[in-house]
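J.: One structure, pasted below without further comment.
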Amino acid sequence: MVAVTREPAIIREETDIVVVGGGGSGLTAAIFAKQSGARVILLEKHTELRGSTGLSIGSITATGTWHQKRAGIVDTTESHFEDMAKFAGKLAIDDNVELRRILVENVTESVNWLMGLGVTFYGPMPEPPHSQPRMHNILPNSRAYIYFVSREAQRVGVDARVNASVSKLLIEDGRVVGVRVSIAGREHEIRARRSVILATGDYSSSAEWKGRFNPAVADVDGVNTTNVGDGHRFGEELGASVKFGQVVYGPNLRFMPPPKPSVLLRLPPYPWFTKAMRFALEKLPSRLLRPFILSFVTTYLSPEPSMFKQGSILVNKEGRRFADELDKPTYAFGKQTDKVGFIVFDEPVAKKFRGWPYFISTAPGVAYAYLQDYKRTRPDLYHKAGTIAGLAASIGVPVAAMEAEIKAYNASAPGTGRPKIERGPFYALGPVKSWIILTDGGLTVNRNHQVTRADGSAIPGLYAVGSVGQGGLLLEGHGHHLAWAFTSGRLAGRHAAGANS
Ligand SMILES: Cc1cc2nc3c(=O)[nH]c(=O)nc-3n(C[C@H](O)[C@H](O)[C@H](O)COP(=O)(O)OP(=O)(O)OC[C@H]3O[C@@H](n4cnc5c(N)ncnc54)[C@H](O)[C@@H]3O)c2cc1C
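Counting in the numbering used here, the sequence shown runs from 3 upward without gaps.
The following block contains the structure:
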């Protein structure tokens, strides 16, 4: 007798709107669609709702906010619109000015909405060439976005599911009518009576997509491993195209995240706490505050290139230098073991980086981190030893190789004008890795966030928000990406539910 194995049946479901992706833009779109009267299922492939939104630094740039008014700043959306072009530089000529206008005219409401949910911002901070301070930084960190927005999604009745990876769109007569999705290993087909909203983020973790537009960074890892361009692929298959695929942020050096987030980082962002934090930031001397604030932000900071100018080197896990630290070392990480390295220096460098102006990292507008801050808040990254051999042992690289490498560096130092590494104690910070922070290529969309074909016609039933729905909008400068994620999410959620048509 021949054994017959049956394929497990596909589970069939129906709703009004399916949102693909559970970061800032997807959660927001789901909430606004639900509040506009639609039944909504949100599908997130990761084990938790988060996206790049919950990994970001968390700044949002906006005008006319409570914060600007309180600081007596008179600002206009028109001036914000013009300043955005200054950030975009030569590319500004091809920018999607229609979407830029939608962004500047609606972002204030996004900030108000987030504050209404419980989010606390600190600012506004200046960031030239903005003509006014416009950068609002979330407290205590960007996980607060996800905390408050996913709580709101739950409150309004969005059916949000994690471990749910969408593999394709269902099409009937040229219209998008649903998705095929694997949820915790079981195949589902979910029909969407009104529309599907793509909120799948960018393709910063796809070697294939990065290689297509920007081969030099193809093997540099993205920060958010689940953003691999799925939504871009779905849109392209239906005739949409990707605009500004060549624009990437990075590669940037960043320290690896801590093995386990601290208790402080795991605390819910209670408004009483974040408001007290804002008060303290505004009123107390920074010398009292820095240690406390830094315990929140040293999770995601980048080391400053000035460390290398002042006499630090990079070694890989074999104890070898692998790049000229002053000439784009970030591009060389992709070829190293585990794609990581260590920053190695001696006491004269350490002495400098204990005080202004030699900070190791900065979180925009919030804090500077010096060597002693890393020692206190990130002991997993901080290594110190009396000898090079002791330091090599502490970071786990071959002693002889690192000693030889530093000897060779010191021999070449006089010719390069860089200080030698010779006066102990010796230090290392790491592992440090090079990352692509984000990619800016987005699917072509119209002013209602519907995905469009090359001839400008809308693909029936398909919307895109956040990074995948960037539609050729340039978001240079701090805080415009999150501004777009929440703003496009709000507007598209309503459009997709039919509330604005
Ligand atoms: C380190 C870092 C710092 C940043 N700092 C800032 C900042 O300070 N200010 C700023 O404005 N911007 C910042 N950004 C950029 C900003 O975070 C993003 O542009 C923004 O969060 C994008 O939101 P999104 O909703 O489009 O995507 P995301 O938040 O990335 O959400 C996309 C989600 O879709 C899911 N997904 C993908 N494919 C599928 C699929 N097939 N099925 C189901 N789910 C899928 C992903 O798992 C992901 O959770 C930063 C980014 C990083 C990485």
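Don't be surprised by glycine CBs; every beta carbon is placed ideally from N, CA and C.
Might you give, ordered along the chain, the residues of its own chain that have their beta carbon closer than 6 Å to the beta carbon of Ile-12, omitting 5 neighbours on each side?
T.: Only Glu-189 and Glu-191 meet the Cβ criterion.
J.: Cα-Cα, which of Tyr-149, Arg-196 and Phe-123 is closest to Glu-16?
T.: Of the listed residues, the one whose Cα sits closest to Glu-16 is Arg-196.
J.: Tell me which residue opens and which closes the beta strand (DSSP E) that Ser-61 is part of.
T.: Ser-61 -> beta strand (DSSP E) spans 61-63.
J.: Identify every residue that forms a DSSP beta bridge with Asn-139.
T.: According to DSSP, Asn-139 bridges with Ser-61 and Tyr-124.
J.: With respect to 7 Å, is the separation between the Cβ of Asp-96 and the closest non-hydrogen atom of ligand 1 below this value?
T.: It does not: the Cβ of Asp-96 is nowhere closer than 7 Å to a heavy atom of ligand 1.
J.: From the DSSP secondary-structure annotation, give me the bridge partner or partners of Gln-452.
T.: DSSP, once it has assigned bridges, lists Tyr-465 as partnering Gln-452.
J.: Say yes only if the C-beta of Asn-229 is nearer than 7 Å to one or more non-hydrogen atoms of ligand 1, and no if none qualify.
T.: Because some heavy atom of ligand 1 lies under 7 Å away, the Cβ of Asn-229 counts as near it: yes.
J.: Is there at least one non-hydrogen atom of ligand 1 closer than 7 Å to the beta-carbon of Thr-489?
T.: Every heavy atom of ligand 1 is 7 Å or more from the Cβ of Thr-489, so no.
J.: Should Pro-253 and Tyr-149 be called a contact, given that it needs their Cβ atoms to be closer than 8 Å?
T.: The answer is no: Cβ separation not under 8 Å.
J.: Can you give me the Cβ contacts of Ser-503 inside the same chain, cut-off strictly under 6 Å, excluding the 5 residues immediately before and after it?
T.: Because the pLDDT at Ser-503 is just 49, under 50, the model does not fix this residue reliably, and the point stays unresolved.
J.: Please report the distance separating the alpha-carbon of Ala-387 from that of Phe-347.
T.: Approximately 11 Å, taken between the alpha carbons.
J.: Under a three-way DSSP split, which group does Ser-27 fall into?
T.: DSSP places Ser-27 in helix when its eight states are reduced to three.
J.: By the 10 Å Cβ neighbour count, where 16 or more other Cβ atoms means buried, how is Lys-319 classified, buried or exposed?
T.: By the neighbour-count rule (16 or more Cβ atoms within 10 Å), Lys-319 is buried.
J.: Which same chain residues, not among the five before or five after Arg-72, have their C-beta less than 7 Å away from its C-beta?
T.: So no residue of the chain qualifies.
J.: How should Ile-543 be labelled, buried or exposed, when 16 other C-beta atoms within 10 angstroms of its C-beta is the threshold for buried?
T.: What is shown of the chain runs 3 to 503, which leaves residue 543 out entirely.
J.: Measuring only the C-alpha atoms, how far is Tyr-124 from Ala-395?
T.: Roughly 42 Å between the two C-alpha positions.
J.: Could you tell me how far apart the beta carbons of Gly-495 and Ser-58 are, in whole angstroms, since I believe they sit closer than 8 Å?
T.: That pair is no contact at about 21 Å.
J.: Only counting runs of 4 or more residues, tell me where the alpha helix (DSSP H) segments fall wholly within the region 328-410, in order along the chain.
T.: 349-354, 373-379 and 390-397, all fully within the region 328-410.
J.: Over what stretch of residues does the alpha helix (DSSP H) that includes Lys-71 continue unbroken?
T.: Start and end: 68-72.
J.: For the beta strand (DSSP E) holding Ala-430, just list the boundary residues, first then last.
T.: Taken as a continuous stretch (DSSP letters only), the beta strand (DSSP E) holding Ala-430 covers 428-437.
J.: Is the closest heavy atom of ligand 1 to the C-beta of Thr-67 under 7 Å?
T.: Thr-67: no, Cβ never under 7 Å from ligand 1.
J.: Helix or strand or just coil, what does DSSP make of Arg-8?
T.: DSSP places Arg-8 in coil when its eight states are reduced to three.
J.: So who's on the other strand from Ile-43, going by DSSP bridges?
T.: DSSP output for Ile-43 lists Val-20 and Asp-161 as bridge partner(s).
J.: Any heavy atom of ligand 1 within a distance shorter than 7 Å of the CB on Ala-485?
T.: Yes, the beta carbon of Ala-485 sits closer than 7 Å to at least one heavy atom of ligand 1.
J.: State buried or exposed for Ala-413, treating a residue as buried only when at least 16 other CB atoms are found within 10 Å of its CB.
T.: Per the 10 Å Cβ criterion, exposed.
J.: How far does the alpha helix (DSSP H) with Lys-170 in it reach, from first residue to last?
T.: Element bounds for Lys-170: not the alpha helix (DSSP H) but the beta strand (DSSP E), 166-174.
J.: For Gly-74, verify whether its CB is less than 7 Å away from any heavy atom of ligand 1.
T.: Every heavy atom of ligand 1 is 7 Å or more from the Cβ of Gly-74, so no.
J.: So is Pro-331 buried or exposed if we call it buried at 16+ other beta carbons inside 10 Å?
T.: Buried.
J.: Thinking C-beta only, is Arg-103 closer than 8 Å to Phe-83?
T.: Contact: yes.
J.: Would you please state the rounded distance, in angstroms, between the beta carbons of Arg-145 and Gly-56? I believe it to be under 8 Å.
T.: Contact holds; Cβ gap of about 5 Å.
J.: To the nearest angstrom, report how far apart Val-198 and Ala-155 are at their CA atoms.
T.: Rounded to whole angstroms, Val-198 to Ala-155 spans 17 Å at the Cα level.
J.: Quick one: residues in its chain with C-beta nearer than 7 Å to the C-beta of Ile-362, no 5 flanking neighbours on either side, listed in chain order?
T.: So the qualifying residues of the chain are Pro-305, Glu-306, Met-309, Phe-355, Ala-371, Tyr-372, Leu-373 and Tyr-376.
J.: Roughly how many angstroms separate the alpha carbons of Arg-41 and Pro-259, rounded to a whole number?
T.: Each residue's Cα considered, the two are about 37 Å apart.
J.: Excluding the five sequence neighbours on either side, which residues of its own chain have a C-beta within less than 7 Å of the C-beta of Asp-567, listed in chain order?
T.: With the chain covering 3 to 503 only, the question about residue 567 has no answer from this structure.
J.: Using a Cβ-Cβ cut-off of 6 Å (strictly less than) and excluding sequence neighbours within five positions of Pro-433, which residues of its own chain qualify?
T.: The answer, listed in chain order, is Met-258 and Val-342.
J.: Mind checking Glu-174: buried by the 16 CB within 10 Å criterion, or exposed?
T.: So Glu-174 counts as exposed.
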